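Notes for the one structure printed next.
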Amino acid sequence: MEQMKILLCCCILFFQMYQVYGKTTNNAPVAFHQQEIINYKEDDFIIAKYRFINGQSLDNLRIHYITLGVPQKNNQGEITNAILFLHWTGGSGKEMFEHFKKALLAPGKPFDANKYFLIFPDNVGQGQSSKPSDGLRMAFPHYNYHDMVALQHSLVTEQLKISHLKMIVGTSMGGMHSWMWSELYPEFMDGVMPIVSLPHAIDGRNLLWRQIVINSIKNDPSWLNGNYKTPPYGIKSIWPLVAMMVDGVPHMQRIIANEKDATNYINNAVLDSTKQDANNIIYVMSASKDYNPEPLLHSIKAKIFALDFTDDALDSPEFYQVSELMKRVKHGQWTLQKGTPFSYGHFTLLHPELWIDQAERFVQWVNQ
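Residue numbering for the sequence shown follows the numbering used here, beginning at 394 and increasing consecutively.
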């Protein structure tokens, strides 16, 4: 039962509150204490007036971000070793950093902060960046993935003054953003690692799941067109589905053996749902409508190292002939890692100790 509780906490991080820590494996992370974090800094990038693609605008749009590590510069004073990390739907740069720091950022690990300059932004609508729950509610401008990627690019180029990235690492939504980066800014990076994100428009279970979540909130009378005073019941009613969809099928088969296990799973998911903001969820779940990198895969110039998991029920690669799609990418590799009863489906992305070998392969390939 303790393992089931840990899993449920993992699921809620999909919307900014999950705090799950990886289990020890043969690739157990080395100690990485707070005092060992090199040049850690949090800051805000403020855009005085940002115009979204749909024509709406927002004054003083805020993008929160973390930087750490050691920037290396060329003779022109330009940073040459920056890595951009892009988080999942509803997450934040801080949460991604916390999950990655021991397994991936520590001394001797693939993205060693002693060797690279690391950037972890909060996307618009999430984390400490501007979002509906700041006060505008449903009057907040409706953003899409192109807006999110454009804001990431502005952060890197305008605020941090970086003209070229060594690598981009993206998970889930962040992985989709990384595919978009590789097409929108094909000369801007050496390598891209999209994790659990397919180079295909969102459809099937992934699309249906998003729409069910949105409709469950909007069809709840207590939502009041976004002007609710207490969390709408629609969130509570749908949150067990959120938990189930990001979990691995073999893992759920192992941890839910009887009706009591199932009831506890549901109750914990409902309890966790009370910490969410319904409008934030609607916005971020709706933002993916413009995602479809498939038509321009041939235009990608960077090295692409895509990683997916066989037990991912949310964004299952089995229907999309990913190996055929990857043939359109000039410098592309695709790894489909086998899921186990001890992996976490889509949210294996939160357990980098389970895929650190793939991260090492990616870094070695980019640095060749």
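Think of the CB as a built atom: it goes at the ideal place given N, C-alpha and C, for glycine as much as any other residue.
Just so you know, these numbers come straight off a predicted model, no measurement behind them.
Judging by CA-CA distance, which residue of the options is the nearest neighbour of residue i?
i, options, result
"Pro-624", "Ile-440, Asp-670, His-739 and Lys-694", "Asp-670"
"Asn-474", "Asp-515, Lys-554, Phe-493 and Gly-486", "Lys-554"
"Phe-698", "Pro-686, Asn-651, Val-759 and Asp-708", "Val-759"
"His-739", "Ile-675, Asn-467, Asn-660 and Ser-709", "Ser-709"
"Asn-612", "Gly-462, Ile-675, Val-642 and Asp-640", "Ile-675"
"Val-756", "Ile-439, Gly-501 and Trp-481", "Gly-501"
"Phe-712", "His-593, Asn-453, Ile-459 and Ile-439", "His-593"
"Ser-488", "Asn-468, Ile-476, Ile-459 and Asp-505", "What sits at residue 488 in the sequence shown is Glu, not Ser. The residue with the shortest Cα to Cα distance from Glu-488 is Ile-459."
"Glu-576", "Asn-672, Asn-432, Gly-597 and His-539", "His-539"
"Asn-453", "Ile-446, Asn-468, Asn-447 and Asp-437", "Asp-437"
"Ile-439", "Leu-548, Val-722 and Ile-648", "Leu-548"
"Asp-683", "Asn-447, Glu-435, Ile-431 and Tyr-433", "Asn-447"
"Phe-445", "Ser-630, Asn-651, Leu-634 and Ala-680", "Ala-680"
"Ile-431", "Leu-664, Asp-505, Pro-525 and Gly-520", "Asp-505"
"Tyr-737", "Leu-664, Gln-714, Val-722 and Ile-648", "Ile-648"
Identify whether residue i lies in helix, strand or coil by the three-state DSSP scheme.
i, result
"Glu-471", "coil"
"Pro-503", "coil"
"Ala-650", "coil"
"Glu-580", "coil"
"Trp-727", "strand"
"Ile-749", "helix"
"Gln-761", "coil"
"Ser-523", "coil"
"Asn-762", "There is simply no residue 762 to check, as the chain begins at 394 and stops at 761 in what is shown."
"Tyr-414", "Low local confidence applies: a pLDDT of 32 at Tyr-414 is under 50, so the model's placement there is unreliable, with the coordinate-based value given in what follows. Tyr-414 falls in the coil class under three-state DSSP."
"Asp-436", "strand"
"Asp-704", "coil"
"Val-585", "strand"
"Lys-767", "Nothing can be reported for residue 767, as the shown portion of the chain is limited to 394 through 761."
"Ala-721", "Before going on, a small fix: residue 721 reads as Arg here, not Ala. Arg-721: coil per DSSP, three-state reduction."
"Thr-550", "helix"
"Pro-514", "strand"
"Gly-563", "strand"
"Leu-477", "strand"
"Gly-790", "For residue 790 there is no data in the structure shown, the boundaries of the chain being 394 and 761."
"Ile-459", "strand"
Roughly how many angstroms lie between the CA atoms of residue i and residue j, to the nearest whole one?
i, j, result
"Ser-556", "Ile-472", "8 angstroms"
"Ala-752", "Thr-741", "13 angstroms"
"Lys-442", "Arg-455", "10 angstroms"
"Asp-750", "Leu-451", "42 angstroms"
"Lys-694", "Glu-746", "29 angstroms"
"Ser-692", "Glu-580", "10 angstroms"
"Met-645", "Pro-734", "8 angstroms"
"Leu-529", "Asn-468", "46 angstroms"
"Gly-619", "Met-531", "6 angstroms"
"Leu-617", "Pro-503", "48 angstroms"
"Ala-804", "Met-638", "Absent from the structure is residue 804, since the part of the chain shown begins at 394 and ends at 761."
"Asp-704", "Lys-731", "7 angstroms"
"Gln-545", "Lys-653", "45 angstroms"
"Gly-627", "Ser-609", "5 angstroms"
"Leu-558", "Arg-721", "23 angstroms"
"Ile-476", "Asn-660", "39 angstroms"
"Gln-519", "Arg-754", "31 angstroms"
"Ala-769", "Gly-470", "The structure shown has nothing for residue 769, since the chain only spans 394 to 761."
Do residue i and residue j have their C-beta atoms within less than 8 angstroms of each other?
i, j, result
"Asn-599", "Leu-743", "no"
"Pro-686", "Met-573", "yes"
"Leu-479", "Ile-595", "no"
"Gly-568", "Val-542", "no"
"Val-642", "Gly-483", "no"
"Trp-632", "Ala-655", "no"
"Gln-521", "His-457", "yes"
"Leu-690", "Leu-718", "yes"
"Ser-526", "Asn-672", "yes"
Using a Cβ cut-off of 8 angstroms (strictly closer), state whether residue i contacts chain D.
i, result
"Ile-675", "This model lacks chain D altogether, as it is built from one protein chain only."
contact_flag[the stretch 580-597, the stretch 498-514] where n(CB pairs < 8 angstroms) is 3 or more: In short, these stretches do not touch, since the Cβ pair count stays below three.
Segment contact flag, the stretch 502-512 with the stretch 456-468, C-beta cutoff 8 angstroms, min 3 pairs: Touching, per the Cβ criterion.
Contact the stretch 712-732 vs the stretch 600-608: 3+ CB pairs below 8 angstroms: Contact fails: fewer than three Cβ-Cβ distances are below 8 angstroms.
Cβ contact (3+ pairs, closer than 8 angstroms) linking the stretch 534-542 and the stretch 487-499: As far as the Cβ criterion goes, the stretch 534-542 does not touch the stretch 487-499, which means the pair count is below three.
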